[in-house]
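Below is one structure, written out as structure tokens; the observations come after it.
In this note's numbering, the protein residues as written are 23 to 419.
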């Protein structure tokens, strides 16, 4: 694939090119360069690409190009596994449609009042981004119709089907009687994704973007060890020493998330948290404040992490080492985005955490450099542990 291809060379409309220029995008990423042309030709696409490689634009641009802005019909449907991701996709599409004033994009998801969404749908959006359960709810209430939908996209298809949405997703696809193409975008191609492809795609274009050096985010990864009870102090020390302006801290549980948020506030650090027990409206408000740069520290669980799309996060701190190798990759992928450099630090309090991080490093082929604080407060890389000197053996000629 020609890497210095521009967006203009993909044959896009002047409105989309204007929006891309306004956002500062001149060159498509590999997934965009490979997915946009077949999508524009109404072909089915199944794409595997790592997090942070620009999948939303890869399906969002062709979908917007196909919309008949003069029609009030719903023409494009995007399904996402979580509310946060659905909101993020909706925001990105609205940004891309900035110069197409007649294109309306709506987002519907569970956990929020349905009346407000019904009012949104009454304005006849041509594109709807939705979580599967809430979309079925609207369909059954007849607050939206699927008979004029031309393109269906499943974003993070692996995760959505893995979360038990398989039946909902297949029901939705089957109700889109006049579908012209179906896009499946995923970080991994699971058995369920393959099944959906086999059932509903025809002559699909397969795209695989490996997590190679070129599209891997530029993230320097560190680990730091301390006694378990000193983790809070360590997190504060890191934030202050590294002069971090925008940090995401990941915890494994909702309880830990909340506790750490309260602890940091007590120490005078502006922090807030998002997890499954926090009402949706409050989560959205916290995310907005973080995106706008008015909240320096965001604490999150893995469930909430996929919806975080902020291009200039200085650092990701793993307060708890994640339980799944994949989670680590998704977590640190929140920094080092949009070709910027990022930092990820894992705080290790116990031996099992050290062992788990070593396993993650091996699995992901990552270099994770141990660091430590010296007595004077400077942060330095730990020297590799010296092996015990072996008694010298004499070599006989």
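Ideal placement from N, C-alpha and C gives every residue a C-beta, glycine not left out.
*asked:* Need the endpoints of the alpha helix (DSSP H) that residue 240 sits in, please.
replied: Here the question's residue 240 lines up with position 218 in the chain shown. First-last for residue 240: 240 to 247, but that is the beta strand (DSSP E), not the alpha helix (DSSP H).
_Check for me: the alpha helix (DSSP H) holding residue 192 runs from which residue to which?_
Sequence index remark: in the chain shown, residue 192 carries index 170 (1-based). Taken as a continuous stretch (DSSP letters only), the alpha helix (DSSP H) holding residue 192 covers 188 to 197.
*Residue(s) in a DSSP beta bridge with residue 403*: Here residue 403 corresponds to residue number 381 of the chain shown, with the count starting at 1. Note: residue 403 sits in a beta bridge opposite 393.
_Integer Cβ distance of residue 171 from residue 198, believed to fall under 8 angstroms_ = To locate residue 171, count along the chain shown from 1; it is residue 149. To locate residue 198, count along the chain shown from 1; it is residue 176. About 5 angstroms; that satisfies the 8 angstroms criterion.
*Enumerate in chain order the residues of its own chain whose CB-to-CB distance from residue 294 is below 8 angstroms, with the five nearest sequence positions on each side excluded.*
Reading the chain shown from its first residue, position 272 is the one you call residue 294. Excluding sequence neighbours, residue 294 sits near 283, 308, 311, 312, 317, 319, 320, 321.
_Pairwise C-alpha distance: residue 56 and residue 385_ = Numbered from its first residue, the chain shown carries residue 385 at position 363. Numbered from its first residue, the chain shown carries residue 56 at position 34. If I take the Cα positions, the gap works out to 28 angstroms.
*Tell me, to the nearest whole angstrom, how far the beta carbon of residue 184 is from that of residue 137; I am working on the premise that it is less than 8 angstroms.*
Counted from its first residue, the chain shown places residue 184 at position 162. Counted from its first residue, the chain shown places residue 137 at position 115. Wrong, their Cβ atoms sit about 31 angstroms apart, outside the cutoff.
_Between 338, 272, 116, 201, which has its C-alpha nearest residue 42's C-alpha?_
If you number the chain shown from 1, residue 42 lands on position 20. Selected option, being the one with the closest Cα: 116.
*Could one say the Cβ of residue 176 lies closer than 8 angstroms to chain D's Cβ atoms, at least one of them?*
Here chain D cannot be found, since the structure has a single protein chain.
*Pair within 8 angstroms by beta-carbon distance, residue 174 and residue 201*: Here residue 174 corresponds to residue number 152 of the chain shown, with the count starting at 1. Here residue 201 corresponds to residue number 179 of the chain shown, with the count starting at 1. Taking 8 angstroms as the Cβ cut-off, residue 174 and residue 201 qualify as a contacting pair.
_Own chain partners of residue 134 with C-beta closer than 7 angstroms, once the 5 adjacent residues on each side are dropped_ = The sequence position of residue 134 within the chain shown is 112, counting from 1. Taken in chain order, the residues that qualify are 302.
*Can you tell me which of 217, 95, 129 puts its alpha carbon nearest to the alpha carbon of residue 110?*
Along the chain shown, read from residue 1 onward, the residue named residue 110 stands at position 88. Measuring from the Cα of residue 110, the nearest candidate turns out to be 129.
*Below 8 angstroms, can you find three or more Cβ-Cβ pairs linking the region 88 to 100 to the region 244 to 252?*
no
*Nearest residue (CA-CA) to residue 205, options 355, 365, 63*: Position 183 of the chain shown, counting from 1, holds the residue named residue 205. Looking at the Cα atoms, 63 is the closest of the given residues.
_Could you tell me the alpha carbon to alpha carbon distance between residue 179 and residue 30, rounded to whole angstroms?_
The residue labelled residue 179 in the question sits at position 157 within the chain shown. The residue labelled residue 30 in the question sits at position 8 within the chain shown. Distance between the alpha carbons of residue 179 and residue 30 is about 29 angstroms.
_Going by DSSP in three states, residue 21 sits in which element: helix, strand or coil?_
With the chain covering 23 to 419 only, the question about residue 21 has no answer from this structure.
*Does the beta-carbon of residue 67 have 16 or more other beta-carbons within 10 angstroms, so that it is buried, or is it exposed?*
Residue mapping note: residue 67 aligns to position 45 of the chain shown, counting from 1. Residue 67 comes out buried.
*Are the Cβ atoms of residue 118 and residue 149 separated by less than 8 angstroms?*
Position 96 of the chain shown, counted from the start, is the residue given in the question as residue 118. Position 127 of the chain shown, counted from the start, is the residue given in the question as residue 149. Not a contact, by the Cβ cut-off of 8 angstroms.
_With a threshold of 8 angstroms on Cβ separation, who are the neighbours of residue 298 within its own chain once the five nearest residues in sequence on each side are excluded?_
Reading the chain shown from its first residue, position 276 is the one you call residue 298. These residues qualify, in order along the chain: 276, 323, 325, 326.
_Cα-Cα separation, residue 345 to residue 337_ = Reading the chain shown from its first residue, position 323 is the one you call residue 345. Reading the chain shown from its first residue, position 315 is the one you call residue 337. For residue 345 and residue 337, the distance between alpha carbons rounds to 20 angstroms.
*C-alpha gap between residue 35 and residue 51, whole angstroms*: Taking the chain shown and counting its residues from 1, the one referred to as residue 35 is at position 13. Taking the chain shown and counting its residues from 1, the one referred to as residue 51 is at position 29. Their backbone Cα atoms lie some 18 angstroms apart in a straight line.
_Quick check on residue 29: does DSSP put it in helix, strand or coil?_
Locating residue 29 in the chain shown gives position 7, counting from the first residue. Residue 29 falls in the coil class under three-state DSSP.
_CB-CB length for residue 103 against residue 182, believed under 8 angstroms_ = Position 81 of the chain shown, counting from 1, holds the residue named residue 103. Position 160 of the chain shown, counting from 1, holds the residue named residue 182. Right, the Cβ-Cβ distance comes to about 4 angstroms (below 8 angstroms), so this counts as a contact.
*Do residue 278 and residue 334 have their C-beta atoms closer together than 8 angstroms?*
Taking the chain shown and counting its residues from 1, the one referred to as residue 278 is at position 256. Taking the chain shown and counting its residues from 1, the one referred to as residue 334 is at position 312. Taking 8 angstroms as the Cβ cut-off, residue 278 and residue 334 do not qualify as a contacting pair.
*Whether residue 254 touches residue 285 by CB criterion (8 angstroms)*: On the chain shown, residue 254 is found 232 positions in, with the first residue counted as 1. On the chain shown, residue 285 is found 263 positions in, with the first residue counted as 1. Contact flag set, yes.
_Per-residue burial, residue 370 [other beta carbons within 10 Å of its own, 16 or more giving buried]_ = In the chain shown, counting from the first residue as 1, residue 370 sits at position 348. That one is buried.
*Is residue 125 near residue 86, with beta carbons less than 8 angstroms apart?*
As a first step, residue 125 is located in the chain shown; it is residue number 103 there, counting from the start. As a first step, residue 86 is located in the chain shown; it is residue number 64 there, counting from the start. Yes, Cβ-Cβ distance for residue 125 and residue 86 is below 8 angstroms.
*For residue 270, collect the residues of the same chain with a Cβ closer than 7 angstroms to its Cβ; drop the 5 residues on either side in sequence, then sort them by chain order.*
Taking the first residue of the chain shown as position 1, residue 270 is located at position 248. Excluding sequence neighbours, residue 270 sits near 320, 322, 330, 335, 338, 356.
*Could you tell me whether the Cβ atoms of residue 207 and residue 166 are closer together than 8 angstroms?*
Within the chain shown, numbered from 1, the residue matching residue 207 stands at position 185. Within the chain shown, numbered from 1, the residue matching residue 166 stands at position 144. Contact flag unset, no.
*Provide the residue(s) that pair with residue 315 in DSSP beta bridges, ordered along the chain.*
The residue you call residue 315 lines up with position 293 of the chain shown. None; residue 315 has no bridge partner.
_Unbroken alpha helix (DSSP H) run spanning residue 217, endpoints_ = One-based indexing of the chain shown puts residue 217 at position 195. That run of the alpha helix (DSSP H) goes 213 to 222.
_Quick check: residue 53 and residue 71, are their CB atoms within less than 8 angstroms of each other?_
Position 31 of the chain shown, counting from 1, holds the residue named residue 53. Position 49 of the chain shown, counting from 1, holds the residue named residue 71. Yes; because the gap between Cβ atoms is below 8 angstroms, this pair is in contact.
*Quick one: grab the DSSP three-state call for residue 37.*
Translated into the one-based positions of the chain shown, residue 37 becomes position 15. Residue 37 falls in the helix class under three-state DSSP.
*Would you kindly work out how many angstroms separate the C-alpha atoms of residue 235 and residue 108, rounded to a whole number?*
Taking the first residue of the chain shown as 1, we reach residue 235 at position 213. Taking the first residue of the chain shown as 1, we reach residue 108 at position 86. Residue placement at residue 235 is poorly supported in this model, since its pLDDT is 47, which falls under 50; the coordinates still yield a value, given next. Taking the straight line joining both Cα atoms gives about 29 angstroms.
*Under 8 angstroms by Cβ, that's how I've got residue 351 and residue 73 pegged, so tell me the actual separation to the nearest angstrom.*
Position 329 of the chain shown, counted from the start, is the residue given in the question as residue 351. Position 51 of the chain shown, counted from the start, is the residue given in the question as residue 73. Going by Cβ atoms, the distance from residue 351 to residue 73 rounds to 7 angstroms, so yes, they are a contact pair.
*At what residue ranges does the region 335 to 374 contain a whole run of the alpha helix (DSSP H), taking only runs of 4 or more?*
347 to 354
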